[in-house]
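Chemist: Residue numbers for the sequence shown follow our numbering, beginning at 19 and rising by one.
Built from N, CA and C at the ideal position, the CB exists for glycine as well.
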Amino acid sequence: MTDMIEIEVVLDETCIEPKVKIFTKSETAQVEDIINAIESRSRSSFSPIPVNENGRFMVISQRDIYRIRTQGREVLLDTEDKSYPVRGTIAKFENELDQERFFRISQSEIINLYKVEAFDFNMTGTVGVLFDNGVRSWVARRCVKPLRDLLKTRFGNM
19 MTDMIEIEVV LDETCIEPKV KIFTKSETAQ VEDIINAIES RSRSSFSPIP VNENGRFMVI
79 SQRDIYRIRT QGREVLLDTE DKSYPVRGTI AKFENELDQE RFFRISQSEI INLYKVEAFD
139 FNMTGTVGVL FDNGVRSWVA RRCVKPLRDL LKTRFGNM
C-alpha cells in the first residue's frame, strides 16, 4: 500500500451533514489514523473518556464506547469486549457525551446508537437492544416513546 490516498469530494444538495466513506481492502493502522484524524478535527468538543485499569491510565474514544451503565454502586464503561470502571455518574456522562451518538435508555444506562445492530420492538411494549457485539439490553418503559420519536426523526417511518 502506498502512502497516497485517493480523495473524492461529491457535492450533493440533499446531503444535510458531511458523510465520509472509506473504501479499503482491510482495516489497517493507516485507516484507523484517518478515522481518528477526521473525528478529532470534526468533533473536537467531544473528548475521550478517561479510565483506570489496574493502575494504568487510558482514554477511550467515544466512538469505541458501546454503553455506560451502573452495576450496583459502580459505573461501568463498556467497549466491544471489555468493561472499565469509571468515575462519575450516569447524569454526568449524559451531559459529556455526544448527543447525536448517545441516548439514555434507562435510569442506569446510556447506549451508543451507532453500535446498535437492532431494536426489537415487542408487542407488549418492551424494547430490546441488540448491540453489534452480541450484548443485549432493555429500554425502560418511560424511555420507549422518546426513543421511537428519535428514531422516527432520524430515519423516517418505522
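As a quick exercise: from T46, C33, I40, pick the residue whose alpha carbon is nearest that of I25.
Modeler: Locating residue 25 in the sequence shown gives position 7, where the first residue counts as 1. Of the candidates T46, C33, I40, the one whose C-alpha sits nearest the C-alpha of I25 is I40.
Chemist: According to DSSP, simplified to helix, strand and coil, what is M19?
Modeler: In the sequence shown, the residue the question calls residue 19 occupies position 1. Unreliable placement is indicated for M19, whose pLDDT of 47 sits below 50; the coordinate value is still reported in the next sentence. The answer is coil: DSSP assigns M19 none of H, G, I, E or B.
Chemist: Excluding five sequence neighbours on each side, which residues of the same chain lie with their C-beta closer than 6 Å to the C-beta of F139?
Modeler: Stepping through the sequence shown from its first residue, residue 139 is reached at position 121. Taken in chain order, the residues that qualify are V145.
Chemist: Taking the C-alpha atoms as reference points, what is the distance between P66 and K133?
Modeler: Taking the first residue of the sequence shown as position 1, residue 66 is located at position 48. Taking the first residue of the sequence shown as position 1, residue 133 is located at position 115. Taking the straight line from one Cα to the other gives about 17 Å.
Chemist: Please determine, among R87, D51, I123, the residue with the shortest C-alpha to C-alpha distance to R160.
Modeler: Position 142 of the sequence shown, counted from the first residue, corresponds to residue 160. If we check each option's Cα against that of R160, I123 comes out closest.
Chemist: Secondary structure at E114, three-state DSSP: helix, strand or coil?
Modeler: Numbered from its first residue, the sequence shown carries residue 114 at position 96. Three-state DSSP puts E114 in a helix.
Chemist: Under a three-way DSSP split, which group does A158 fall into?
Modeler: As a working mapping, residue 158 is identified with position 140 in the sequence shown. Reduced to three states, the DSSP call for A158 is coil.
Chemist: List the whole-angstrom C-beta distance separating F121 from E135, where the pair is believed to meet the contact cut-off of C-beta under 8 Å.
Modeler: In the sequence shown, residue 121 corresponds to position 103, counting from 1. In the sequence shown, residue 135 corresponds to position 117, counting from 1. F121 to E135, Cβ: 15 Å. No contact.
Chemist: I'd like to check one pair, V69 with V93: are the Cβ atoms closer than 8 Å?
Modeler: Counted from its first residue, the sequence shown places residue 93 at position 75. Counted from its first residue, the sequence shown places residue 69 at position 51. Their beta carbons are not under 8 Å apart, which means V93 does not touch V69 by this criterion.
Chemist: Return the first residue and the last residue of the beta strand (DSSP E) that Q89 is part of.
Modeler: Your numbering for residue 89 matches position 71 in the sequence shown. Element bounds for Q89: 85-89.
Chemist: Whole angstroms is fine: what's the gap from K152's alpha carbon to A109's?
Modeler: Position 134 of the sequence shown, counted from the first residue, corresponds to residue 152. Position 91 of the sequence shown, counted from the first residue, corresponds to residue 109. Lys is not the amino acid found at residue 152; the sequence shown has Gly there. The straight-line gap from Cα to Cα measures roughly 26 Å.
Chemist: Quick one: using the 10 Å Cβ neighbour count with 16 as the cut-off for buried, is N130 buried or exposed?
Modeler: Position 112 of the sequence shown, counted from the start, is the residue given in the question as residue 130. Its Cβ being crowded by 16 or more others within 10 Å, N130 is buried.
Chemist: Would you say the beta carbon of E71 is closer than 7 Å to some non-hydrogen atom of the ligand GDP?
Modeler: Although the ligand GDP was asked about, the structure shown includes no ligands whatsoever.
Chemist: Looking at the strands, I want to know which residues DSSP matches up with F41.
Modeler: Looking up residue 41 in the sequence shown gives position 23. Beta-bridge pairing links F41 to no other residue.
Chemist: Is it the case that the Cβ atoms of D116 and T97 are separated by a distance below 8 Å?
Modeler: Sequence index remark: in the sequence shown, residue 116 carries index 98 (1-based). Sequence index remark: in the sequence shown, residue 97 carries index 79 (1-based). No; because the gap between Cβ atoms is not below 8 Å, this pair is not in contact.
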